[in-house]
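A short write-up of the structure that comes next.
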Amino acid sequence: MVRWLIQKPMEKGNLMRCFRHQDAESVGICKNCQKGLCHECSVDCDNGLACKQCETRVRVLNQFLDNSVHRKANTHFISSLLSGAFFVIFGIAIWHYYMDVFAVIFILFGGCFFFNAYRFRPVKK
Ligand SMILES: [Zn+2]
Ligand SMILES: [Zn+2]
């Protein structure tokens, strides 16, 4: 009974122990290998913790993800800008020749695309 009382909090603590230092409480989990890390073993990689073995890998992975998100936003930005320009020019052309209500719709469409482009505009860090 006494043993059970003493062991209970120990067991609870075991769930979050450093994988290298059994007596050290972990402050986080490695992003790559999911091992518990104590303060001494953990490396802060801007976007999560990593153990010393995984540090480079996690950093490269973070950078890769950052780049791909950035590239995706850039593609959105350029395609929205081109679509916007296309619709506006088309709208102006229609207006020029027919003075039609379609021209206004096209120009409004173009405006929406420009708004989209504005939302995905490249942000400088
Ligand atoms: Zn790791
Ligand atoms: Zn440790």
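Just add 792 to wherever you are in the sequence shown, counting from 1, and you've got our numbering. Positions of the beta carbon are idealized from the N, C-alpha and C atoms, including for glycine. Since we're looking at a predicted model, the values are computed, not measured.
- Per DSSP, V861 is one residue of the alpha helix (DSSP H) stretching across E847 to Y890.
- Its Cα nearest to that of R913, the residue H862 stands out among N824, E832, H862 and F879.
- Between the alpha carbons of Y890 and F898 lies a distance of about 13 angstroms.
- When the five nearest sequence neighbours on each side are left out, the beta carbons in the same chain lying within less than 7 angstroms of the beta carbon of C822 are those of L829, L841, A842, C843 and C846, in order along the chain.
- Inclusion of N839 and N859 in the CB contact set at 9 angstroms is not warranted, their separation being larger than that value.
- Of the candidates G903, R911 and G883, the residue whose Cα lies closest to the Cα of F894 is G883.
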